[in-house]
Every structure is written in C-alpha cells, then in structure tokens.
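S.K.: Here the protein sequences come in this chain order: A and B.
Be aware that the first sequence starts at 8, since it is given in my numbering, and climbs by one per residue.
Be aware that the second sequence starts at 243, since it is given in my numbering, and climbs by one per residue.
Using N, Cα and C, we set each Cβ at its ideal position, and we do this for glycine too.
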Amino acid sequence: MKQPPRQRLSFLNLFILLLASVASLATLAGDHSNGRTSEYDEWPRGETRQAFDVQIMPAQSMKDALGYSGEVYLEVVSKFHPEEQFQDAVWSITGESNTGDMISRSANFQEFGGDLFMEDDSPLMGDAIARIGRLCASNEMTDDDCVPCLDGCSLTIKIDRCESSGDDINSSEIRIVGDDGERFTVRCEKDEDLAPCTMLDSWLVAEAESLAMTICPDQGM
Amino acid sequence: MPRPRNVGKIVSKRVQPRAADYLRHPVTLMLLCLWILNDHVLKEMFGNMLTGKISDFSGVAILPLALVGAYECACAALSKSPRFRHEVLITSMLITGLFMVGINLSESLATTFSFGLGVAQWPARAAWHLCTSGSLPQIVSVHHTMDASDLYSLSALVVPFCLGTERPFFLQKRRAGNV
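(1) Would you call the stretch 132-142 of chain A in contact with the stretch 22-36 of chain A, where contact means no fewer than 3 C-beta pairs closer than 8 Å?
(2) In whole angstroms, what separates the C-alpha of I296 (chain B) from that of L305 (chain B)?
(3) Could you tell me which chain B residues have their CB closer than 8 Å to the CB of N177 (chain A), listed as they occur along the chain?
(4) May I ask you to list the residues that DSSP assigns as paired with F124 (chain A)?
(5) Sort A:G53, A:Y80 and A:L19 by Cα distance to D175 (chain A) and report the nearest one.
(6) I'd like the list of long-range same chain contacts for E214 (chain A), defined as Cβ closer than 7 Å, with 5 residues on each side in sequence excluded.
(7) Once DSSP output is grouped into helix, strand and coil, what is the label at T353 (chain B)?
(8) Helix, strand or coil for S28 (chain A)? Go by DSSP, reduced to three states.
(9) For P268 (chain B), does the count of other Cβ atoms within 10 angstroms reach 16, so buried, or fall short, so exposed?
(10) Which value, in whole angstroms, describes the spacing of the CA atoms of S99 (chain A) and A114 (chain A)?
(11) What three-state label does DSSP hand G301 (chain B) in the structure shown?
(12) Using alpha carbons as the reference points, say which of B:L359, B:W370, B:D281 and B:E286 lies closest to F299 (chain B).
(13) Can you tell me whether DSSP reads S395 (chain B) as helix, strand or coil?
(14) Looking only at its own chain, which residues have a Cβ that is under 7 Å from the Cβ of A144 (chain A), when we skip the five neighbours before and after it?
(15) Comparing C-alpha positions only, which one of B:L274, B:T354, B:A262 and B:R260 sits nearest to L26 (chain A)?
(16) Are there 16 or more other CB atoms within 10 angstroms of the CB of G77 (chain A), so buried, or fewer, so exposed?
(17) Quick one: which chain B residues come within Cβ less than 8 Å of N2 (chain A)?
(18) State the DSSP-derived secondary structure class of C195 (chain A), mapped to helix, strand or coil.
(19) Note down the Cα distance separating W50 (chain A) from S85 (chain A), rounded to an integer number of angstroms.
(20) Per DSSP, which one or two residues make a beta bridge with C160 (chain A)?
(21) Assuming I63 (chain A) and C204 (chain A) are in contact, meaning their beta carbons sit under 8 Å apart, how far apart are those beta carbons, in whole angstroms?
(22) Skipping 5 residues on each side, what residues in its chain have a beta carbon closer than 7 Å to that of A303 (chain B)?
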C-alpha cells in the first residue's frame, strides 16, 4: 500500500493549530450564570490571617435594579471554627467611601452558624459570622452607625483567627445580605443576556492579599 | 543583446507537502475567526440562541481538524509519513461526535466537562492573576448547559470530512478498484 509522502512543518499551520487549541480551551467562560453578592476565598495552606481589598459599588443603583427597597448589610464569615473558639477570631475594616467618609471598625466575631458538623469526638464546627454593619441609606449621616457605602467604597477587611489551625486550608466569605440575612442572587439561563448576573457580581469584588501583622488584641494589635 | 537568465534551463523542484495544510483553508480560517469572535465578542454583546449555536457548530468543525493537524505536525517533526491520517481523522470525528452527545445528554459527563475545562483554563488564569494581583485564583467550572438541540451541530462534521481528505476515502478505493 502506498504511503502518503512525508510532510514538512509549516510555522503558519502550527500557529493556526495553536490558535485552534486556545480557541478550544477558551470556548466557554467561567460560570456566571448565578450572579451573587458574595466573595468566597480559600487562604493559603496553614495561614491563620488574611486581608482583602474590597470594592463595593453604589448600593442604590443595585437595589433599584433588583427592585429591592429594604436594608442591606455587609457581613464577613470565617469558615470552620470550633464552637468554643469562634469568638477568639477578630475582624477589622478600614477604608474610605467614594464621597470621602472614612471608615474604621473592628470587633470579635459574634455569631456561630453556617453549615454545622461534628466528626467522631471532635468539637462542633461551624462558621464565625460578623455583621460589619448596615450600608447607609441615601438620607443618613455617617454618625447613624451605618457604613457609608451607599455611593460605593473601597475597604480593607482583615480577618485573624488568632489561633493555629495546623496545616488546614482556611477560608472566608465577604457578602452583602438583605433583611433576611441572605445574599442577593440572580440566575441567567443559557443563551440569555448575562448582564444582570455580571452586574450583581460586580456589586462586591474582593481581592485577597497576605496579612503580615496579626490584629489579635493580645498579640500586639 | 543580453541573454535572459535561466533561459534554456529546466528548473524542477519537488515540493514536499506541508503538514496540516487544511488548517489554512479559507473555510477553516473563516470558522476559526467566527468561533473566536463569537465566544469573546458576540456572546458578550448579544448572548442569544444564535451565538450559542455558532459556537457549537464552529467547535465541532474545528476540533477534529486540530486533532489531525496535531498528528500530522508530530509526524512531520519526527520525519515520518502520516500513514494513519485517515484513521486519525475518522477517530477524531467520532470522538468529537460522542463528546458532544455525552456532554449534552449525560449529567455526570456535563459536570465532568465543566470542571475539566475549568481545570484546563486555570494555568492561564493563574498566570494572569499572578502578574496582575500576585494571588492565585480558584478553579472555576465553566458555564455549560445540557441542551439536546445542540446535537444539530454534529452536521458540522461534514467540514472536517471534506477538508481532511483530499477526496473521500471510499471514492479513492472505488477508483483504485476500477484501474
């Protein structure tokens, strides 16, 4: 049987092949079919504290788009704490609103909840939850104890577990929730406009960065 | 009068064919451009049923050609004859077809595909994030929805069949038998 002749390499054909491979890999985007007002982040293995650069978009336009007229709150969650130790963990926020108001708060985590579980004789594990505050409404002053983020703000949120968790991977969530304590979500079906999901995703954007100094009160805060 | 150069000489040079030459066929290039434009521009702008189908059709047409192209380029790099190119082409078309059927009809395969492609995309996303923010992103599954109507895109397999064979192999055999 006659064999086909040997062929030579063509750089143009190789380039087109590379382009086709990249197009195959990049053909589908990340799943943004569920727009949500939360950012989940896994920390580097063994890390017990983490900082986040957080950008919050103006709340009123988001509320208008959602048709929501209630209050909105900013919450921070540190995942997988033993029940008896969750109050050891602390959080702090510093930053500035887009209208120039300074923001600075810190406290311990006050609520224990989330997905609770217990393995054999281990303690009850769950999430340490802190409600940082309510986002100010349009007619409120910043001294009303609300977070002046109505027109958007840039924050640095720090979370410190204040205890070693060995070599475990810790994680956290920063979220904007409504009166019912649930984050806002919107579903975009296949081949529909993804803009509502992308818009809701953009309400809260957080980038993790390492936190060198502890913020625990008894460790030199 | 000066004599023109090369007059009276017969210049003969046998040109070796190029590997994966069908990738530069106008139909392939048009489909590839349409695929990239559709995935990164048209879907963002319009995001309707048509943009979904364009992506499936282009992908089904290009993927077998890319697989045979990779085989031919590997043979060329090793200075070997691509003697199994027809078999590789047919196998690539079968794999592509079964893959489309699987991810649109089987929930477990669809989930595996969404996660697998997310994993495959992660190195490029990680490099980008490391350069821009210094942090590593999470692996994010891609957005894939099972849809049996996507199986219409299997008709696009006619494109690699026509471009990947100089002449359909069954015609080649019949003519060879007539000689």
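M.R.: According to the structure data:
(1) no
(2) 14 Å
(3) Per Cβ cutoff of 8 Å: no residues; N177 (chain A) is ~14 Å from chain B at best.
(4) A:M132
(5) A:G53
(6) F59 and D60
(7) helix
(8) helix
(9) exposed
(10) 7 Å
(11) helix
(12) B:D281
(13) helix
(14) L157
(15) B:L274
(16) exposed
(17) Because chain A in this structure spans residues 8 to 228, residue 2 (chain A) falls outside the shown range and cannot be described.
(18) coil
(19) 11 Å
(20) A:I63 and A:S104
(21) Rounded, the Cβ-Cβ distance is 18 Å, inconsistent with contact.
(22) L273, A398, V401 and P402
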